[in-house]
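**Student:**
Residue numbers (my numbering), protein chains in the order written: chain D, 1 to 396; chain C, 1001 to 1396.
1) May I ask which residues mark the beginning and end of the beta strand (DSSP E) holding residue 388 (chain D)?
2) Along the region 379-395 of chain D, what residues have a CB closer than 7 angstroms to any CB found in chain C?
3) Report the rounded CA-to-CA distance for residue 1159 (chain C) versus residue 1250 (chain C), giving the unit in angstroms.
4) Could you name the residues of the region 1083-1117 of chain C whose beta carbon sits closer than 8 angstroms to any beta carbon of chain E, in the order they occur along the chain?
5) Let me see if you follow: with CB-CB separation under 7 angstroms, is residue 397 (chain D) close to chain C or not?
6) Can you grab the Cα-Cα spacing for the pair residue 1264 (chain C) / residue 1229 (chain C), in whole Å?
7) Nearest-angstrom Cα distance between residue 297 (chain D) and residue 1373 (chain C)?
8) Can you give me the start and stop residues for the alpha helix (DSSP H) that residue 1218 (chain C) sits inside?
9) Could you confirm whether any beta carbon from chain C is found closer than 7 angstroms to the beta carbon of residue 25 (chain D)?
10) Can you find a CB in chain D that lies within less than 7 angstroms of the CB of residue 1119 (chain C)?
11) Measure the CB-CB distance between residue 291 (chain D) and residue 38 (chain D) and report whether it falls below 7 angstroms.
12) Quick check on the burial criterion: 16 or more other C-beta atoms within 10 angstroms. Buried or exposed for residue 193 (chain D)?
13) In chain order, which continuous runs of the beta strand (DSSP E) of length 3 or greater are located wholly inside the region 1017-1087 of chain C?
14) I'd like the list of long-range same chain contacts for residue 124 (chain D), defined as Cβ closer than 7 angstroms, with 5 residues on each side in sequence excluded.
15) Who are the Cβ neighbours of residue 1271 (chain C) in its own chain at under 7 angstroms, not counting the five residues just before and after it?
16) Between the region 1320-1347 of chain C and chain D, which residues of the former have a C-beta closer than 7 angstroms to a C-beta of the latter?
17) Check whether the region 1219-1236 of chain C touches the region 1082-1089 of chain C, counting contact only when three or more Cβ pairs, one atom from each stretch, lie closer than 8 angstroms.
18) The alpha helix (DSSP H) spanning residue 96 (chain D) covers which residue range?
19) What first and last residue would you give for the beta strand (DSSP E) that runs through residue 275 (chain D)?
20) Check for me: the alpha helix (DSSP H) holding residue 1207 (chain C) runs from which residue to which?
21) Looking only at C-alpha atoms, which of D:396, D:225 and D:146 sits nearest to residue 205 (chain D)?
22) Between C:1129, C:1137 and C:1300, which lies nearest to residue 1113 (chain C) when the distance is taken from Cα to Cα?
23) Pick helix, strand or coil for residue 1168 (chain C), following the three-state DSSP scheme.
24) Counting only runs that start and end within the region 1323-1395 of chain C, where is the alpha helix (DSSP H) found for 4 or more residues in a row?
25) Whose C-alpha, out of D:34, D:31 and D:44, is nearest the C-alpha of residue 275 (chain D)?
26) Rounded C-beta distance between residue 1179 (chain C) and residue 1170 (chain C)? I'm assuming under 8 angstroms.
27) Taking the alpha carbon of residue 370 (chain D) as the point to measure from, which residue in D:210, D:77 and D:111 has its own alpha carbon closest?
28) Three-state secondary structure (DSSP) at residue 1112 (chain C)?
29) Please return the same chain residues whose Cβ sits closer than 6 angstroms to the Cβ of residue 1327 (chain C), not counting the five positions on each side in sequence.
30) Grouping DSSP H, G and I as helix and E and B as strand, with all else coil, what is residue 1012 (chain C)?
31) Kindly indicate if chain C contains any beta-carbon less than 7 angstroms away from that of residue 281 (chain D).
32) Using the Cβ count rule (16 or more neighbours within 10 Å means buried), how would you classify residue 1353 (chain C)?
33) Counting contacts by CB-CB distance shorter than 7 angstroms, is residue 1351 (chain C) in contact with chain D?
34) Name the chain D residues that come within less than 7 angstroms of residue 1316 (chain C), Cβ to Cβ?
35) To the nearest angstrom, report how far apart residue 167 (chain D) and residue 1311 (chain C) are at their CA atoms.
36) Measure the alpha-carbon distance for residue 1092 (chain C) versus residue 1202 (chain C) and round it to whole angstroms.
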């Protein structure tokens, strides 16, 4: 790969009003056609065969279960992956943040739902302007507060922007969402009264249900959630309010939302990439299983007595759900620090030498992807494409 | 703050060879002159008075202790902060990665030491070209392997690039570094024989020592480390090899490295920003203490029974050393998820309403900074400047 050492980039001087961030590094870990061993490390690697197989299994499930799949883009933050998901499922994608939604709209996704609240005059105005700038693309958002609903209506009217709105229902997690059917009705009345807002229905997500390990626990958790959501839906319908969409669910729970008779749209994200944490869930044979498709490629950068040290650590993958799983046969992770992972040989370990490359399966895919600027897409151990993580760091 | 909705940015299309990353989001959380309440959230906020006080306390200590301070830029990854540290201490900075070093050199830092190994033909060539491109700026690196030392010498000769080299000494952590004085001598012989390499001395860092909570444990840990390093230094001198610099140490240990009589350069990083984890260390009155200078500014985006939910989570701060500490009086963190922090009121809690802004003190500053594109520098609750995190995501 050619290296360009021109010094044309401007230094990272303090910004005045209106200035832009200094140009990003021109480092790209690989080029199409590179063999996997030539990829610079640490790099986020996507196995396209596995990724496409995961999409196919979910699409087959959705057809059988007659449920709409709107995959969550918080997991991959990559417009190219989102475009492939739109092609596979025929719907738009979900986002968590305005910045993610912007990246997806900019990446030609024409139907984006922010499954989170957007609060405050500045953010609401940004939401409205995004909706107007990318119309006729659809942009949706969740609300759980009447003051925010009124402010959103006012801002959208002022900006002449159409926004789709879902009432967020708390499933007992007590994090966001309305806590009673009555609150859902109060909110829906405000939303339907606004000429610039389209009230779509209910959103309800339980992050707690996703990693209950046993099948019965996960199913029971979703059954209770669905009951709660159905009460809110019934309250809306009894009040002559619409409720076309009931949506939510993730990779650990979508099977049960789809079977609930309440949800008609599911929002799994991690299934496309997978991680160690989701693989620990007991598989329910009633639904599809998914393959590890995403890895952190790392390099042995120091060797010593009974250890090999990799050049990837907490700045290259998350460990909030445990360390990554190395694919070196017989090696196990002894410790992880900011820039290093120390591996120890165990029984049957293959010999490892300086410069060897190791694939690590991340403990959690969402937080790992957010640490990377690039996704290196490979097939049969050759680089097929390099995609930017368009919404990396989109906190806002 | 004016919002620009021009659609001039190109979409995140797949890259061909030579293509560049799509332009970054033009989101900037604040502008100079904004009051703190106007800063968009979540945002990384630096209190300049506290930051400058931390630099001053460390500089005063260095003068008293007659030790050189080369602050570690892995903590802040920000060229503007590095320039202020160069002004305060008169030396260069440390980095962990080539990409960080590039950002610092590009940001007019003229003396950069990579306190880590750089391995493989591609990375070594990049190192050499960086050194040549920014000469006469000084660029240093660590080695712990004779094959890498020879390859580095060959590459630097081919590229006609001057690189300063330190032998990395393992302090018993068994992560990187040579394990015996003899290995240090073997490496130094290779380095001094190369016309393009300048052998500077020894680097030794114990990350394990940094967070031993008690003063006696930290001091004892460094005393043992210094003994190990002194054996390597004596072996070099006995072999008529130079050893001008012995360097290492961090915010938890620098006091003892400075007092060891072995180290003449210290590399603390976190002292400038501070975090909950370092604040848990027992303070040694023989050295300076440091103030919390860095915060994640967050916003209450949902309220419910007995809880307030903030719009910042695991994508805005690290929790590998525990959750952040909220500065809302009487509130405590109940749970953290990817995009949310749920707080519960406790005794004496102040009332909190939707849209209120909260400052969170991160558990770990290094990993938190790496999640952000911008540092909002404030003084007396007014934004003074907004600085890019130039080396954010510089994994390579």
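Yeah, the Cβ is synthetic: ideal placement off N, Cα and C, and Gly gets one too.
**Tutor:** By the coordinates alone:
1) Position 388 of the first chain, counting from 1, holds the residue named residue 388 (chain D). Per DSSP, the continuous beta strand (DSSP E) segment holding residue 388 (chain D) begins and ends at 382-388.
2) Hits within the stretch, in order: 385, 386, 387, 388, 390, 393, 394 and 395.
3) For the purposes of this step, residue 1159 (chain C) is taken as the residue at position 159 of the second chain. For the purposes of this step, residue 1250 (chain C) is taken as the residue at position 250 of the second chain. Computed Cα separation, rounded: 33 angstroms.
4) Annotation note: the requested chain E is absent from the structure, which comprises protein chains D and C.
5) The structure shown does not extend to residue 397 (chain D), since chain D spans only 1 to 396, so no value can be given for it.
6) What you label residue 1264 (chain C) is simply residue 264 of the second chain in a count that begins at 1. What you label residue 1229 (chain C) is simply residue 229 of the second chain in a count that begins at 1. Computed Cα separation, rounded: 12 angstroms.
7) Walking along the first chain from the start, residue 297 (chain D) turns up at place 297. Walking along the second chain from the start, residue 1373 (chain C) turns up at place 373. If you draw a straight line from the Cα of residue 297 (chain D) to the Cα of residue 1373 (chain C), it comes to about 24 angstroms.
8) Here residue 1218 (chain C) corresponds to residue number 218 of the second chain, with the count starting at 1. In this chain, the alpha helix (DSSP H) harbouring residue 1218 (chain C) covers 1215-1238.
9) Mapped onto the first chain, residue 25 (chain D) falls at position 25. With a pLDDT of only 47 at residue 25 (chain D), under 50, the local geometry of the prediction cannot be trusted, and no value is derived from it.
10) Taking the second chain and counting its residues from 1, one reaches residue 1119 (chain C) at position 119. It does; some Cβ of chain D falls within 7 angstroms.
11) Position 291 of the first chain, counting from 1, holds the residue named residue 291 (chain D). Position 38 of the first chain, counting from 1, holds the residue named residue 38 (chain D). Cβ distance not < 7 angstroms, so residue 291 (chain D) and residue 38 (chain D) don't count as in contact.
12) Reading the first chain from its first residue, position 193 is the one you call residue 193 (chain D). Residue 193 (chain D) counts as exposed, since fewer than 16 other C-beta atoms from the protein chains shown sit within 10 angstroms of its C-beta.
13) Here the runs fully enclosed are 1043-1047.
14) For this step, residue 124 (chain D) is matched to residue 124 along the first chain. These residues qualify, in order along the chain: 118, 151, 152 and 155.
15) Position 271 of the second chain, counted from the first residue, corresponds to residue 1271 (chain C). Closer than 7 angstroms at Cβ, skipping near neighbours: 1054, 1058, 1251 and 1290.
16) Contacts with chain D (Cβ-Cβ distance below 7 angstroms) from the region 1320-1347 of chain C involve 1320, 1337, 1338, 1339, 1340 and 1342, listed in chain order.
17) Touching, no, given that fewer than three Cβ pairs across the two stretches are closer than 8 angstroms.
18) Here residue 96 (chain D) refers to the residue found at position 96 of the first chain. Careful: residue 96 (chain D) lies outside any alpha helix (DSSP H) and carries neither H nor E.
19) The residue you call residue 275 (chain D) lines up with position 275 of the first chain. Counting along the chain, residue 275 (chain D) sits inside no beta strand (DSSP E), nor does DSSP assign it H or E at all.
20) Indexing the second chain from 1 puts residue 1207 (chain C) at position 207. Residue range 1207-1210 is occupied by the alpha helix (DSSP H) that includes residue 1207 (chain C).
21) In the first chain, residue 205 (chain D) corresponds to position 205, counting from 1. Distance from the Cα of residue 205 (chain D) is smallest, within the candidate group D:396, D:225 and D:146, for D:225.
22) Position 113 of the second chain, counted from the first residue, corresponds to residue 1113 (chain C). Of the listed residues, the one whose Cα sits closest to residue 1113 (chain C) is C:1137.
23) Your numbering for residue 1168 (chain C) matches position 168 in the second chain. Strand at residue 1168 (chain C).
24) Within the region 1323-1395 of chain C, the complete alpha helix (DSSP H) runs of at least 4 residues are 1365-1369.
25) For the purposes of this step, residue 275 (chain D) is taken as the residue at position 275 of the first chain. For the residues D:34, D:31 and D:44, the minimum Cα distance to residue 275 (chain D) belongs to D:44.
26) Within the second chain, numbered from 1, the residue matching residue 1179 (chain C) stands at position 179. Within the second chain, numbered from 1, the residue matching residue 1170 (chain C) stands at position 170. Approximately 5 angstroms separates the beta-carbon atoms of residue 1179 (chain C) and residue 1170 (chain C); this is inside 8 angstroms, confirming the contact.
27) The residue given as residue 370 (chain D) occupies position 370 in the first chain. Cα-wise, what sits closest to residue 370 (chain D) is D:77.
28) The count along the second chain starts at 1 and reaches residue 1112 (chain C) at position 112. Look at residue 1112 (chain C) here: in three-state DSSP terms it is strand.
29) By one-based count along the second chain, residue 1327 (chain C) stands at place 327. Sequence-distant partners of residue 1327 (chain C) (beyond 5 residues in either direction) whose C-beta falls short of 6 angstroms from its own C-beta, in its chain, are 1359.
30) Locating residue 1012 (chain C) in the second chain gives position 12, where the first residue counts as 1. Residue confidence for residue 1012 (chain C) is low, a pLDDT of 35 falling below 50, so the modelled location carries little weight; the figure read from the coordinates is stated next. Looking at residue 1012 (chain C) - three-state DSSP - the assignment turns out to be coil, as it is neither helix nor strand.
31) Within the first chain, the letter at position 281 stands for residue 281 (chain D). Closer than 7 angstroms: no.
32) One-based indexing of the second chain puts residue 1353 (chain C) at position 353. Only exposed fits residue 1353 (chain C), as fewer than 16 other CB atoms lie within 10 angstroms of its CB.
33) One-based indexing of the second chain puts residue 1351 (chain C) at position 351. The C-beta of residue 1351 (chain C) comes no closer than 7 angstroms to any C-beta of chain D.
34) As a position in the second chain, residue 1316 (chain C) is number 316, starting the count at 1. Proximity of chain D to residue 1316 (chain C) at the Cβ level (cut-off 7 angstroms) is accounted for by 395, in chain order.
35) Within the first chain, numbered from 1, the residue matching residue 167 (chain D) stands at position 167. Within the second chain, numbered from 1, the residue matching residue 1311 (chain C) stands at position 311. CA-to-CA, the gap between residue 167 (chain D) and residue 1311 (chain C) works out to about 18 angstroms.
36) Counted from its first residue, the second chain places residue 1092 (chain C) at position 92. Counted from its first residue, the second chain places residue 1202 (chain C) at position 202. So the two alpha carbons sit approximately 17 angstroms from each other.
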